[in-house]
Amino acid sequence: MEKNYVIMSDNMADLPPSFYEEHHIPIMYLNYTMDGVTYGEKNLQKDEDFYAQMRKGAMPTTSQISPMDAKEHFLQQLKQGNDVLCLSFSSGLSGTYNSCALAAQELREEGYHIEVIDTLCASLGQGLLLYKAVKLKENGASFEEVHEWVMNNRLNICHVVVADDLFHLMRGGRISRSTAVVGSMLSIKPLIQMNDEGKLIPTGKSHGRKKGLHALVELMGEQMGSRKDENDIFMICHADCEKDAKQLASMVEEAYGIHDYLIHFIGPVIGSHTGPDTLALFYLGDQRMAKH
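Once you know that position 262 of the sequence shown is 852 in our numbering, the rest is easy, because the numbers rise by one and skip nothing.
1. Enumerate in chain order the residues of its own chain whose CB-to-CB distance from K795 is below 7 Å, with the five nearest sequence positions on each side excluded.
2. Exposed or buried, which one is L634 when buried takes at least 16 other CB atoms within 10 Å?
3. Could you say if the region 711–728 and the region 819–832 meet the contact criterion of at least three C-beta pairs nearer than 8 Å?
4. Indicate whether the contact test is met: 3 or more Cβ pairs, each with one atom in the region 666–673 and one in the region 826–840, closer than 8 Å.
5. Does the beta-carbon distance from S678 to D708 come in below 8 Å?
6. Looking at the unbroken beta strand (DSSP E) that takes in Y851, where does it start and where does it end?
7. With DSSP as the reference, identify every bridge partner of Q666, one or two as the case may be.
8. Which residue's Cα is closest to the Cα of N785: L697, G682, V740?
9. Let's see if you can read the secondary structure: which residues bound the alpha helix (DSSP H) around L677?
10. What whole-angstrom Cβ distance do Q654 and S599 have, given they're in contact under 8 Å?
11. Taking C-alpha atoms, which residue in L852, D876, Q877 lies nearest to A870?
12. Which class does G875 belong to by DSSP, given the choice of helix, strand or coil?
13. Inspect the beta-carbon positions of V706 and A723 and report whether they are closer than 8 Å.
14. If you draw a straight line from the C-alpha of Q783 to the C-alpha of M658, how long is it?
15. Do M602 and G857 have their CB atoms nearer than 8 Å?
16. By the DSSP assignment, the beta strand (DSSP E) with I826 in it spans what residues?
17. Please classify A642: is it buried, with 16 or more other beta-carbons within 10 angstroms of its beta-carbon, or exposed?
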């Protein structure tokens, strides 16, 4: 008989805390520092307060999980007799996966059964993958079956994003200063997608916020393809612009008849790099990248 196993992740999945509690998913935290205060697992900040500080000009810095921290979190589960399957934040955006992989390798050498998957996803893209994995587990799938499904489907989680504040993208090296200045003057909103290396890439632009929302819905239609019927739920995350997130959900529901969805904040660590008013839509598709 197979041993019990737990699915773990990190707070980059941006699912509501109630989901982790309800489904018994242990979570590791990446920290961030803002105005001289470091926030993390033992010092959580409300998402609203984080974005309020950012709007006033605060510039947060973020840090990855260390191999030592990862090992400690893994051991808490392994010592209880559980095997561990960890779904980690994209290696294209953080060194967290490498830290977790190093810790897992050490633990395997000590005789434990643990696997860490580089989801190549971020925010509720990682959250959607985690959600699907947890559902499989709760429906009786084995450790190996869940591991295989996640590996086979991680590049089918589409991330389509409309950014609002070009200067935060410039800070993160995503666009040049001149693009940020001109784009802001012309009210150009970059469209960003996640590529197969787990990196966020600008792939288009829309003139104004409203056209940006329509572009996300159109991209979803282009990308779902043969996976359309598997989209029993879609997810939307927002950087303190819930009204727009609800409007986007209504547009998706009307366009594609998918009535189940989850809306949540872009957490502070990712929000540090995207800035306020970013909006993102996540779903299953045939391929990740589509031109717009």
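For each residue, glycine too, the CB sits at the ideal point set by N, CA and C.
So, from the listed chains and residues:
1. For the purposes of this step, residue 795 is taken as the residue at position 205 of the sequence shown. For K795, where only same-chain residues beyond five positions count, the Cβ hits under 7 Å are I778, K779, P780, L781.
2. On the sequence shown, residue 634 is found 44 positions in, with the first residue counted as 1. Per the 10 Å Cβ criterion, exposed.
3. yes
4. no
5. For the purposes of this step, residue 678 is taken as the residue at position 88 of the sequence shown. For the purposes of this step, residue 708 is taken as the residue at position 118 of the sequence shown. Yes, these two residues count as a Cβ contact at 8 Å.
6. For the purposes of this step, residue 851 is taken as residue 261 along the sequence shown, with counting starting at 1. Its beta strand (DSSP E) spans residues 851–855.
7. Locating residue 666 in the sequence shown gives position 76, counting from the first residue. For Q666, which the question treats as bridged, DSSP gives no partner whatsoever.
8. In the sequence shown, residue 785 corresponds to position 195, counting from 1. Minimum Cα distance to N785 is reached at G682.
9. Locating residue 677 in the sequence shown gives position 87, counting from the first residue. No alpha helix (DSSP H) contains L677, which is instead part of the beta strand (DSSP E) from 673–678.
10. If you number the sequence shown from 1, residue 654 lands on position 64. If you number the sequence shown from 1, residue 599 lands on position 9. Contact flag wrong, Cβ pair sits at about 15 Å.
11. Residue mapping note: residue 870 aligns to position 280 of the sequence shown, counting from 1. Of L852, D876, Q877, the residue nearest in Cα terms is L852.
12. One-based indexing of the sequence shown puts residue 875 at position 285. The answer is coil: DSSP assigns G875 none of H, G, I, E or B.
13. As a working mapping, residue 706 is identified with position 116 in the sequence shown. As a working mapping, residue 723 is identified with position 133 in the sequence shown. Not in contact: V706 and A723 (Cβ atoms no closer than 8 Å).
14. Locating residue 783 in the sequence shown gives position 193, where the first residue counts as 1. Locating residue 658 in the sequence shown gives position 68, where the first residue counts as 1. If you take the alpha carbons of Q783 and M658, they lie about 32 Å apart.
15. What you label residue 602 is simply residue 12 of the sequence shown in a count that begins at 1. What you label residue 857 is simply residue 267 of the sequence shown in a count that begins at 1. Yes, they are a contact pair.
16. On the sequence shown, residue 826 is found 236 positions in, with the first residue counted as 1. Segment 824–828, the beta strand (DSSP E) holding I826.
17. Here the question's residue 642 lines up with position 52 in the sequence shown. By the neighbour-count rule (16 or more Cβ atoms within 10 Å), A642 is not buried but exposed.
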